[in-house]
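All remarks here apply to the structure that follows.
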Amino acid sequence: MAKQNRFLKLLADRIADNLLEKEFVIADNPEEFKKKVYDILYNDYITEKELEEEAERIIQENAEEVTYRGVSIHKARKLIKEKLAKERGIAVVGNIFSREKANYLAGKVLKLILTDEELDYTQERGVIRATIVKSFEEIAKLRKEIDEKVREKIASHSRPIYEGTPEWYALYRRYYNEELIERGLIDTESEV
13 MAKQNRFLKL LADRIADNLL EKEFVIADNP EEFKKKVYDI LYNDYITEKE
63 LEEEAERIIQ ENAEEVTYRG VSIHKARKLI KEKLAKERGI AVVGNIFSRE
113 KANYLAGKVL KLILTDEELD YTQERGVIRA TIVKSFEEIA KLRKEIDEKV
163 REKIASHSRP IYEGTPEWYA LYRRYYNEEL IERGLIDTES EV
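Below, the structure is given as structure tokens:
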């Protein structure tokens with residue numbers, strides 16, 4: 013299996029742990045439940061990446077027209093992604109930590125809980141769904157805290173390092189990994 017996306021793994025674990033610890037969900041095999049939740053999140057992530065790549069390819073092929081029409085690349089990419097998603101029957105596109113996407117994925121996880129024979133639930137659907145969405149919010153908050161801390165470290169250098177430069181990105185990655193290690197989110201042996 014390919015290397016797991018650390019925040020998707022963290023999110024899947026948080027969702028499963030929140031539901032299992034509160035005994036909202038009872039799983040015959042908790043690790044298998046975590047894997048199924050991760051698979052839901054990862055499949056959505058892959059679909060989103062494919063849409064982004066396709067949108068980028070379309071923009072590259074039509075760069076002159078995008079420039080001619082005066083549309084920003086960011087807006088063009090968003091519009092193309094939305095159109096591609098609609099054509100392919102994909103309900104929601106966007107950042108996995110957006111409220112709309114969190115609700116959409118919470119619905120998919122809830123469907124898993126309701127239909128999987130190895131899982132049982134003890135609370136109403138609304139309570140379970142709210143717990144899942146809360147897990148998304150917790151991880152989004154954690155990501156934001158880490159990002160802010162990393163940006164503070166970069167800003168505290170004696171000379172200014174401008175965002176967008178190769179040096180800034182290198183420092184960002186280094187400090188980001190240090191923060192993840194400090195918080196126990198990855199092992200010191202883990203790769204970037």
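Positions 13 to 204 (my numbering) are the ones given, in order, by the sequence shown.
Glycine included, each C-beta is placed from N, C-alpha and C at the ideal position.
All figures in this text were calculated on a predicted structure; none of them were measured in a lab.
query: Mind checking which residues open and close the beta strand (DSSP E) that includes LEU131?; result: 131–133
query: Would you identify the three-state DSSP class for VAL105, choosing helix, strand or coil?; result: coil
query: Whole angstroms are fine: how far does the CA of ILE166 sit from the CA of TYR8?; result: No answer is possible for residue 8: it lies beyond the span of the chain, which begins at 13 and ends at 204.
query: From the DSSP output, which residues share a beta bridge with ALA39?; result: LEU131
query: LYS187 by DSSP, collapsed to three states: which one?; result: Going by the sequence as given, residue 187 is Tyr instead of Lys. TYR187: helix per DSSP, three-state reduction.
query: In this structure, does DSSP put HIS205 in helix, strand or coil?; result: Past the edges of the chain, shown from 13 to 204, lies residue 205, and the structure says nothing about it.
query: Near GLU112, which residues of its chain fall below 8 Å by C-beta distance, leaving aside the five closest residues on each side in sequence?; result: VAL104 and GLY106
query: Do the segment 45–56 and the segment 16–25 touch if we need at least three Cβ pairs shorter than 8 Å?; result: yes
query: Three Cβ pairs or more, each shorter than 8 Å: is that satisfied between the segment 66–84 and the segment 30–41?; result: no
query: State yes or no: is the C-beta of LYS140 within less than 7 Å of the C-beta of LEU117?; result: This sequence places Ile at residue 140; Lys is not what is there. Cβ distance not < 7 Å, so ILE140 and LEU117 don't count as in contact.
query: Could you check if LEU20 is buried or exposed, using at least 16 other CB atoms within 10 Å of its CB as the buried criterion?; result: buried
query: Going by the CB atoms, is the gap between VAL162 and TYR187 shorter than 7 Å?; result: yes
query: Just mark LYS46 as buried or exposed, buried being the case when its beta carbon has 16 or more other beta carbons within 10 Å.; result: buried
query: Return helix, strand or coil for THR177, following the three-state DSSP convention.; result: coil
query: Are the CB atoms of ASN30 and THR143 within a distance shorter than 7 Å?; result: yes
query: Using the three-state DSSP reduction, which class does SER202 fall into: helix, strand or coil?; result: With a pLDDT of 47 at SER202, under the threshold of 50, the modelled position of this residue cannot be trusted; read the value that follows with caution. Coil.
query: What residue range does the alpha helix (DSSP H) around LYS98 cover?; result: 85–100
query: If you draw a straight line from the alpha carbon of GLU179 to that of SER147, how long is it in whole angstroms?; result: 34 Å
query: Exposed or buried, LYS98, counting other C-beta atoms within 10 Å across all chains shown (16 or more means buried)?; result: exposed
query: Apart from the five residues just before and just after GLU130, which ones in its own chain have a Cβ nearer than 6 Å to its Cβ?; result: ASP40
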